[in-house]
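2 protein chains.
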Amino acid sequence: MTNDLPLSKEQILDAAEQVLRRFGPDKTSVVDVAKVLGVSHGTLYRHFASKAALREAVTERWLHRSVAIPLEDIAARKDGSAADRLRLWLDTLIAGKRKFAAEDAEMFAMYAEVTLHAVEIIASHVDRLMGQMAVIIEEGIIKGEFKPASSIKTANAIFMATSRFHHPAHVAEWSSEHPNEPFELVWELLLSGIVSSHES
Amino acid sequence: MTNDLPLSKEQILDAAEQVLRRFGPDKTSVVDVAKVLGVSHGTLYRHFASKAALREAVTERWLHRSVAIPLEDIAARKDGSAADRLRLWLDTLIAGKRKFAAEDAEMFAMYAEVTLHAVEIIASHVDRLMGQMAVIIEEGIIKGEFKPASSIKTANAIFMATSRFHHPAHVAEWSSEHPNEPFELVWELLLSGIVSSHES
Numbered sequence: 001m002t003n004d005l006p007l008s009k010e011q012i013l014d015a016a017e018q019v020l021r022r023f024g025p026d027k028t029s030v031v032d033v034a035k036v037l038g039v040s041h042g043t044l045y046r047h048f049a050s051k052a053a054l055r056e057a058v059t060e061r062w063l064h065r066s067v068a069i070p071l072e073d074i075a076a077r078k079d080g081s082a083a084d085r086l087r088l089w090l091d092t093l094i095a096g097k098r099k100f101a102a103e104d105a106e107m108f109a110m111y112a113e114v115t116l117h118a119v120e121i122i123a124s125h126v127d128r129l130m131g132q133m134a135v136i137i138e139e140g141i142i143k144g145e146f147k148p149a150s151s152i153k154t155a156n157a158i159f160m161a162t163s164r165f166h167h168p169a170h171v172a173e174w175s176s177e178h179p180n181e182p183f184e185l186v187w188e189l190l191l192s193g194i195v196s197s198h199e200s
Numbered sequence: 001m002t003n004d005l006p007l008s009k010e011q012i013l014d015a016a017e018q019v020l021r022r023f024g025p026d027k028t029s030v031v032d033v034a035k036v037l038g039v040s041h042g043t044l045y046r047h048f049a050s051k052a053a054l055r056e057a058v059t060e061r062w063l064h065r066s067v068a069i070p071l072e073d074i075a076a077r078k079d080g081s082a083a084d085r086l087r088l089w090l091d092t093l094i095a096g097k098r099k100f101a102a103e104d105a106e107m108f109a110m111y112a113e114v115t116l117h118a119v120e121i122i123a124s125h126v127d128r129l130m131g132q133m134a135v136i137i138e139e140g141i142i143k144g145e146f147k148p149a150s151s152i153k154t155a156n157a158i159f160m161a162t163s164r165f166h167h168p169a170h171v172a173e174w175s176s177e178h179p180n181e182p183f184e185l186v187w188e189l190l191l192s193g194i195v196s197s198h199e200s
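Chains G and L, in that order, are what the protein sequence lines are. Heads up: the first sequence runs through residues 1 to 200, numbered per the UniProt record's numbering. Heads up: the second sequence runs through residues 1 to 200, numbered per the UniProt record's numbering.
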């Protein structure tokens, strides 16, 4: 039975996510998603040319909706110190990745796999996050809380220096440790590298 | 034809490495190594109870001989500043991992896989490296070059904050970038976190 109503991208991605979760990322095909939606596989192939494209689109939506949007809200706040906001931003990023890995291991493994190949999706996601972090850092510099520096370079440095806590390649290490202790050590070191000396 | 001379651990590991390299880590069995050495597989199983044990022993030797020993020499030096020595120690660690990944991709993949499971081997290797770094940092603190802090905690923080550049899980990112640029950003931030303010 096929359905002739035009499908929105969101509807397709909802169905794709549901099928990926039910059958597992390795076993899900574009045809399986078409069946759930009650459309021909030709219709679905016009949106996603391959299984890889489907997986990438689902990952991209997750990164946007569950990572970038909540972090955007934190970067846009104006209350409190820049250091506190930066810490909250990083804590939220790290907690989001750990929660996803712990609660949905199979989808997380798919996301980790996609990040290795979907270079453009990841680059544009990371660029967006770097812009958010740079806003927080820039404000800290203007308020004299942080030392003068290139806010975007500092954002990149902090993101790379905290990879062990949010990059999906490190998932194996997350489950065996207390989440906050090792990060606390790194955070103290990074913070002491950016605060202006009359603040510390 | 079997050989009755007692085998040293080094001889066995030399043969194992040679066979792993020739057949590939996935296809090498303990029996293949026994054949190369001209001993019964019973003899070899007394040394390595499984294929996994063989792979772990080869990885452990590589970590010891090609990573820990060269870094030990750097940590033991007394010339120059602590910051320069710390940078050389990190550069050597990073260059060693990149060289291994680039020149011997299959063995590197085996090492990356082993590190996920051989928790004790990796913990004892990392402890040794942390001791080396702490020696360099401690000297920087005594000379007034670095701020007073726990040298072992600082060593751990720097090691974690540079994971992206030496942890095998990041191998996919290394090949597509200029090796020094991103590390330089992180290094500047970390250094500015540890130098004492009258030095900077």
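Every residue, glycine too, gets a C-beta built ideally from N, C-alpha and C.
Whose Cβ in chain L lies nearer than 7 Å to the Cβ of residue i?
{"i": "G:His125", "result": "Ordered by position in chain L, no residue passes the 7 Å Cβ test against G:His125, which lies about 15 Å from the chain."}
{"i": "G:Leu71", "result": "What G:Leu71 touches in chain L: nothing, since even the nearest Cβ is about 20 Å away."}
With a threshold of 8 Å between beta-carbons, can residue i be considered close to chain G, or not?
{"i": "L:Leu189", "result": "yes"}
{"i": "L:Leu13", "result": "no"}
{"i": "L:His170", "result": "yes"}
{"i": "L:Leu116", "result": "yes"}
{"i": "L:Ser197", "result": "yes"}
{"i": "L:Ser163", "result": "yes"}
Can you give me the Cβ contacts of residue i inside the same chain, cut-off strictly under 8 Å, excluding the 5 residues immediately before and after it?
{"i": "G:Arg77", "result": "Arg85"}
{"i": "G:Met130", "result": "Ile152, Ala155, Asn156, Phe159"}
{"i": "L:Thr59", "result": "Met110, Tyr111, Val114, Thr115, Ala118, Ile121"}
Looking at chain L, is there any beta carbon in it that lies within less than 8 Å of the beta carbon of residue i?
{"i": "G:Pro182", "result": "yes"}
{"i": "G:His166", "result": "no"}
{"i": "G:Leu185", "result": "yes"}
{"i": "G:Met160", "result": "yes"}
{"i": "G:Ser8", "result": "no"}
{"i": "G:Ala157", "result": "yes"}
{"i": "residue 203 of chain G", "result": "Residue numbering for chain G in the displayed model covers 1 to 200; residue 203 of chain G lies beyond these limits and cannot be assessed."}
{"i": "G:Ser81", "result": "no"}
Round the Cβ separation of residue i and residue j to the nearest angstrom and send it over; I've been treating them as touching at under 8 Å.
{"i": "L:Glu138", "j": "L:Ser151", "result": "4 Å"}
{"i": "L:Ala134", "j": "G:Leu185", "result": "Not really, about 13 Å apart at Cβ, beyond 8 Å."}
{"i": "residue 204 of chain G", "j": "G:Ala15", "result": "With chain G running from 1 to 200 in the structure shown, residue 204 of chain G is simply not present."}
{"i": "L:Glu106", "j": "L:Gly193", "result": "L:Glu106 to L:Gly193, Cβ: 38 Å. No contact."}
{"i": "G:Leu13", "j": "G:Ala57", "result": "6 Å"}
{"i": "G:Met112", "j": "G:Val171", "result": "Reading off the sequence, residue 112 of chain G comes out as Ala, not Met. So it is a contact: roughly 7 Å between Cβ atoms."}
{"i": "L:Glu120", "j": "L:Ser196", "result": "That belief does not hold up - the Cβ atoms of L:Glu120 and L:Ser196 are roughly 37 Å apart, past 8 Å."}
{"i": "G:Arg98", "j": "G:Trp174", "result": "6 Å"}
{"i": "G:Ala34", "j": "G:Thr28", "result": "The Cβ separation is near 11 Å, so there is no contact."}
Can you list, in chain order, the residues of its chain whose CB lies under 7 Å from that of residue i, leaving out five sequence neighbours each side?
{"i": "G:Thr115", "result": "Ile122, Pro168"}
{"i": "L:Leu189", "result": "none"}
{"i": "G:Leu88", "result": "Ile74"}
{"i": "G:Asp32", "result": "Val19, Phe23"}
{"i": "G:His41", "result": "Val30, Val31, Ala34"}
Which chain G residues are close to residue i, counting only those with a beta carbon under 7 Å from its beta carbon?
{"i": "L:His47", "result": "Near L:His47 there are no residues of chain G at all, since even the closest Cβ is about 28 Å away, more than 7 Å."}
{"i": "L:Gly193", "result": "Leu189, Leu190, Ser192, Gly193"}
{"i": "L:Lys153", "result": "Leu185"}
Excluding the 5 residues flanking residue i on each side, which residues of the same chain have their C-beta closer than 6 Å to its C-beta?
{"i": "L:Phe108", "result": "Phe100, Ala101"}
{"i": "L:Ser163", "result": "none"}
{"i": "G:Ala75", "result": "Gln132, Val135, Ile136"}
{"i": "G:Phe165", "result": "Ile94, Phe183"}
{"i": "L:Arg21", "result": "none"}
In terms of DSSP beta bridges, what is residue i paired with?
{"i": "L:Phe146", "result": "L:Val195"}
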